[in-house]
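Asks: Numbering (the working numbering), first residue to last: 2 to 423. Before anything else, here's the structure in question.
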């Protein structure tokens, strides 16, 4: 009897070992994996087989990329040839994103950046109800963002940049209330920027640059109290810069290369944490607001290629850490404020192609770190001290098209035409 009982116990242990996985799960290397999750991984391998740098066709699916499983379900997956990711692989995934992506109902993170996926984003992506991080950037994806993306209500991080996506952003975007990081740059999106972005209260990063968005900048963006980075550059945006942007807590604001018009709002002077302000290549007019002197953390200010007029404000002395100032190709007038000489961290100053007159502040030429000084095509006069050149022969300086008188410092390689009046 004891022998029979011992045999029965051994048989139970063996049977339990052989059949440990529940229905719908596969036993692979003594672990259980949800069969439909594995099907997605296998489809990635199969769809990539025509690419010369593809993963081996006999690669075990659970060895593809970087994976995290919990209770037999795939919860994180990352595969990218990029050196900037935590999951760099030697192979490249390509072809269509499999419709089996809809099987990954427990997935929280998916990163497939810098591969060669083509075709559209499958509508089945709407089944990823638990996903909070979706990165499909730097592929060859085309078509619209499917409306089903509005089902991803847990989504916090969305990166679809550097593809060939097009069309309007779907209205269902307004359902993504938990978004914190949105990177849709370098595509072909059209239409207006949805005002519903203003309802995404937790968003900290919004980059819609290098698309074909038109219309005005939604004033509703001014409600995003946690927004730190806003880049809407290289679009077809028109109208004024909303004064509501002055309510934000930005460290970078980039609106360059649009068709914005009107004055620079004085309210931008409220952005006291701003490090970079780029408004170049628009149709902005009026004066440079004195309130911008409040931006004491500003490192780069670029206002070039607009229609700005009036003088540089004396409040420039608030920019104590400023390294780059570019106001070239405007209609600025008056004398250069002596306060420019207080910007001891200045490395590059470009005030060319304006109507500045008078002499250059002496202290400006004494700034040791000033490497680039473009003051050409103005009405400046006087002399330029030899002290500017110092022992640094690498300084870049252009002075042509003014009224400077000789002698000229040796580091100035091209004097050009000067209307000298002693």
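We treat Cβ as the ideally placed atom computed from N, Cα and C, and that holds for glycine.
(1) For residue 183, which residues of its own chain have a beta-carbon under 6 Å away from its beta-carbon, when the five flanking residues on both sides are left out?
(2) So what does DSSP say about residue 160, is it helix, strand or coil?
(3) I'd like to know whether the C-beta atoms of residue 382 and residue 354 end up nearer to each other than 8 Å.
(4) From the DSSP secondary-structure annotation, give me the bridge partner or partners of residue 356.
(5) For residue 9, is the classification buried or exposed, using 16 other Cβ atoms within 10 angstroms of its Cβ as the cut-off for buried?
(6) By the 10 Å Cβ neighbour count, where 16 or more other Cβ atoms means buried, how is residue 329 classified, buried or exposed?
(7) Which same chain residues, not among the five before or five after residue 191, have their C-beta less than 8 Å away from its C-beta?
(8) Nearest by alpha-carbon distance to residue 125: which of 152, 138, 109 and 73 is it?
(9) Let me make sure I understand the geometry here. Which of 147, 161 and 196 has the alpha-carbon closest to that of residue 178?
(10) Hey, out of 312, 307, 233 and 143, whose CA is closest to residue 290's CA?
(11) Residue 48 lies in the alpha helix (DSSP H); which residues open and close that run?
(12) For residue 105, collect the residues of the same chain with a Cβ closer than 7 Å to its Cβ; drop the 5 residues on either side in sequence, then sort them by chain order.
(13) Out of 251, 242 and 407, state which residue places its alpha-carbon closest to the alpha-carbon of residue 264.
(14) On the premise that residue 233 lies in contact with residue 256, defined as a C-beta separation below 8 Å, what is that separation, rounded to the nearest angstrom?
(15) Please determine, among 72, 79 and 93, the residue with the shortest C-alpha to C-alpha distance to residue 54.
(16) Using a Cβ-Cβ cutoff of less than 8 Å, which residues in the same chain neighbour residue 322 once the five nearest sequence positions on both sides are dropped?
(17) Bridge partners of residue 303, per DSSP?
(18) Note down, in chain order, each residue of its chain lying with its Cβ closer than 7 Å to the Cβ of residue 83, except the 5 sequence neighbours on either side.
(19) Which two residues bound the contiguous beta strand (DSSP E) that contains residue 117?
(20) Can you tell me which of 275, 245, 155 and 324 puts its alpha carbon nearest to the alpha carbon of residue 218?
(21) Residues bridged to residue 251 by DSSP?
(22) Beta-carbon within less than 6 Å of residue 172's beta-carbon, same chain only, minus the 5 sequence neighbours each way: which residues are those?
(23) Suppose you measure from the CA of residue 400 to the CA of residue 379; what does that come to, to the nearest Å?
(24) Please check if any C-beta of chain C sits within less than 8 Å of the C-beta of residue 371.
(25) Please go through the same chain and pick out, in chain order, the residues whose beta-carbon is closer than 7 Å to the beta-carbon of residue 22, but skip the five residues on each side of it.
(26) Using the Cα positions of residue 275 and residue 78, report the straight-line distance between them to the nearest angstrom.
(27) Assign residue 177 to one of three DSSP states: helix, strand, or coil.
(28) Which partner residues of residue 165 appear in the DSSP bridge assignment?
(29) Closest to residue 363 by CA distance: which of 389, 334, 180 and 356 is it?
(30) What are the start and end residues of the beta strand (DSSP E) that includes residue 110?
Replies: On the basis of the coordinates in this document:
(1) The beta carbon of residue 183 sits closer than 6 Å to those of 159 and 207, all from its chain and outside the five residues before and after it, given in chain order.
(2) Here residue 160 carries a strand assignment [DSSP, helix/strand/coil].
(3) Not in contact: residue 382 and residue 354 (Cβ atoms no closer than 8 Å).
(4) According to the DSSP secondary-structure assignment, residue 356 is paired through a beta bridge with 334.
(5) Confidence is the limiting factor: at residue 9 the pLDDT is only 46, short of 50, which leaves the residue's position unreliable and the question unanswerable from this model.
(6) Around the CB of residue 329, 16 or more other CB atoms lie within 10 Å, so the residue is classed as buried.
(7) Only residues of its own chain outside the window of five on either side were considered, and among them 167, 168, 169, 212, 213, 214 and 215 have a CB closer than 8 Å to the CB of residue 191, listed in chain order.
(8) The option with the nearest alpha carbon to residue 125 is 152.
(9) It is 196 whose Cα lies nearest to the Cα of residue 178.
(10) Cα-wise, what sits closest to residue 290 is 312.
(11) For residue 48, the uninterrupted alpha helix (DSSP H) run begins and ends at 36-48, by DSSP.
(12) Correct list, in chain order: 38, 41, 75 and 129.
(13) Nearest neighbour of residue 264 by Cα position, chosen from 251, 242 and 407, turns out to be 242.
(14) Indeed they touch by this definition, with Cβ atoms about 6 Å apart.
(15) Considering only alpha carbons, the answer is 93.
(16) Same-chain partners within the cutoff: 297, 298, 299, 300 and 346.
(17) 279 and 327.
(18) Closer than 7 Å at Cβ, skipping near neighbours: 89, 114 and 115.
(19) Counting along the chain, the beta strand (DSSP E) containing residue 117 begins and ends at 117-120.
(20) It is 245.
(21) DSSP lists no beta-bridge partner residue for residue 251.
(22) There are no such residues.
(23) Straight-line measurement puts the Cα of residue 379 at about 9 Å from the Cα of residue 400.
(24) Of the protein chains in the structure, only one exists, and it is not chain C.
(25) Its chain contains 28 and 33 as the residues whose beta carbon lies nearer than 7 Å to that of residue 22, once the 5 sequence neighbours on both sides are disregarded; these appear in chain order.
(26) Cα to Cα, residue 275 sits roughly 36 Å from residue 78.
(27) In the structure shown, residue 177 sits in coil (DSSP, three-state: anything other than H, G, I, E or B).
(28) BP columns for residue 165 point to 143.
(29) When each option's Cα is compared against that of residue 363, the closest is 389.
(30) First-last of the beta strand (DSSP E) with residue 110: 110-112.
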